[in-house]
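Presented below is the structure to which this report refers.
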Amino acid sequence: MSVDSVWIGTGLFGQALFGARFLVQWLYSEARGKSEIPSVFWYLSVAGGVILLSYAIHRREPVFIIGESITLLIFLRNLQMLHKRPDPG
(Lines of atoms letter the chains of each structure in order from A; the text may use other names.)
(Lines give C-alpha, C1' and ligand atoms only; values in the text may rest on other atoms or scores of the structure.)
Protein backbone atom coordinates (compact mmCIF):
# COMPACT_ATOMS: atom_id res chain seq x y z
CA MET A 1 0.00 0.00 0.00
CA SER A 2 1.46 3.36 -1.03
CA VAL A 3 1.70 6.47 1.14
CA ASP A 4 -0.69 8.24 -1.24
CA SER A 5 -3.27 5.47 -0.77
CA VAL A 6 -3.02 5.82 3.00
CA TRP A 7 -3.53 9.59 2.76
CA ILE A 8 -6.49 9.19 0.41
CA GLY A 9 -7.99 6.70 2.86
CA THR A 10 -7.35 9.15 5.69
CA GLY A 11 -9.06 11.95 3.77
CA LEU A 12 -12.04 9.75 2.98
CA PHE A 13 -12.32 8.69 6.63
CA GLY A 14 -12.24 12.34 7.73
CA GLN A 15 -14.94 13.19 5.20
CA ALA A 16 -17.05 10.25 6.41
CA LEU A 17 -16.78 11.44 10.03
CA PHE A 18 -17.65 14.95 8.97
CA GLY A 19 -20.65 13.75 6.96
CA ALA A 20 -21.84 11.44 9.76
CA ARG A 21 -22.53 14.45 11.94
CA PHE A 22 -25.47 15.41 9.72
CA LEU A 23 -26.95 11.92 9.99
CA VAL A 24 -26.55 12.03 13.78
CA GLN A 25 -28.16 15.48 13.99
CA TRP A 26 -31.05 14.44 11.76
CA LEU A 27 -31.78 11.27 13.75
CA TYR A 28 -31.45 13.17 17.05
CA SER A 29 -33.90 15.83 15.85
CA GLU A 30 -36.36 13.27 14.47
CA ALA A 31 -36.40 11.47 17.82
CA ARG A 32 -37.27 14.74 19.59
CA GLY A 33 -39.68 16.08 16.99
CA LYS A 34 -37.77 19.35 16.60
CA SER A 35 -34.47 20.52 15.20
CA GLU A 36 -31.70 20.20 17.79
CA ILE A 37 -27.95 19.71 17.70
CA PRO A 38 -26.50 17.05 20.02
CA SER A 39 -23.04 17.51 21.53
CA VAL A 40 -21.75 14.55 19.48
CA PHE A 41 -22.34 16.70 16.38
CA TRP A 42 -19.53 19.02 17.52
CA TYR A 43 -17.22 16.15 18.46
CA LEU A 44 -17.67 14.61 15.00
CA SER A 45 -17.09 18.07 13.49
CA VAL A 46 -13.79 18.45 15.35
CA ALA A 47 -12.62 14.89 14.63
CA GLY A 48 -13.49 15.13 10.94
CA GLY A 49 -12.08 18.66 10.75
CA VAL A 50 -8.73 17.67 12.28
CA ILE A 51 -8.37 14.73 9.90
CA LEU A 52 -9.37 16.82 6.88
CA LEU A 53 -6.98 19.60 7.93
CA SER A 54 -4.17 17.03 8.20
CA TYR A 55 -5.03 15.79 4.72
CA ALA A 56 -5.12 19.35 3.35
CA ILE A 57 -1.72 20.12 4.91
CA HIS A 58 -0.29 16.92 3.41
CA ARG A 59 -1.66 17.92 0.00
CA ARG A 60 -0.41 21.51 0.48
CA GLU A 61 -3.79 22.97 -0.53
CA PRO A 62 -3.90 26.52 0.91
CA VAL A 63 -7.61 27.13 0.22
CA PHE A 64 -8.56 23.88 1.93
CA ILE A 65 -6.13 24.55 4.82
CA ILE A 66 -7.57 28.02 5.47
CA GLY A 67 -11.17 26.79 5.26
CA GLU A 68 -10.62 23.83 7.57
CA SER A 69 -8.64 25.93 10.06
CA ILE A 70 -11.39 28.51 10.37
CA THR A 71 -14.22 26.00 10.70
CA LEU A 72 -12.20 23.97 13.20
CA LEU A 73 -11.90 27.06 15.42
CA ILE A 74 -15.68 27.52 15.23
CA PHE A 75 -16.31 23.87 16.13
CA LEU A 76 -13.92 24.09 19.08
CA ARG A 77 -15.61 27.29 20.26
CA ASN A 78 -19.00 25.55 20.15
CA LEU A 79 -17.62 22.72 22.28
CA GLN A 80 -16.18 25.25 24.72
CA MET A 81 -19.57 26.98 25.02
CA LEU A 82 -21.29 23.61 25.42
CA HIS A 83 -19.06 22.75 28.38
CA LYS A 84 -19.66 26.16 29.99
CA ARG A 85 -23.43 25.65 29.87
CA PRO A 86 -24.94 25.62 33.37
CA ASP A 87 -26.44 22.35 34.55
CA PRO A 88 -30.25 22.53 34.13
CA GLY A 89 -30.79 20.25 37.14
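Just so we're aligned, residue 1 is where the sequence shown starts under the UniProt record's numbering, counting upward by one.
Every residue gets a Cβ at the ideal spot worked out from N, C-alpha and C, and that includes glycine.
{"Asked": "DSSP three-state call for GLU61: helix, strand or coil?", "Found": "coil"}
{"Asked": "Go ahead and pull the three-state DSSP assignment for residue 93.", "Found": "In this structure the chain extends from 1 to 89, so residue 93 is not present and cannot be described."}
{"Asked": "Just the Cα atoms here: how many angstroms apart are LEU44 and PHE64?", "Found": "18 Å"}
{"Asked": "From this set, TRP42, ILE37 and TYR28, which residue's C-alpha is nearest LEU72's C-alpha?", "Found": "TRP42"}
{"Asked": "If contact is defined by three or more beta carbon pairs under 8 Å, each pair taking one atom from either stretch, is the region 52 to 67 in contact with the region 29 to 37?", "Found": "no"}
{"Asked": "How far does the alpha helix (DSSP H) with GLY11 in it extend, from its first residue to its last?", "Found": "3 to 32"}
{"Asked": "Can you give me the Cβ contacts of ALA56 inside the same chain, cut-off strictly under 6 Å, excluding the 5 residues immediately before and after it?", "Found": "PHE64, ILE65 and GLU68"}
{"Asked": "Can you tell me whether DSSP reads ILE37 as helix, strand or coil?", "Found": "coil"}
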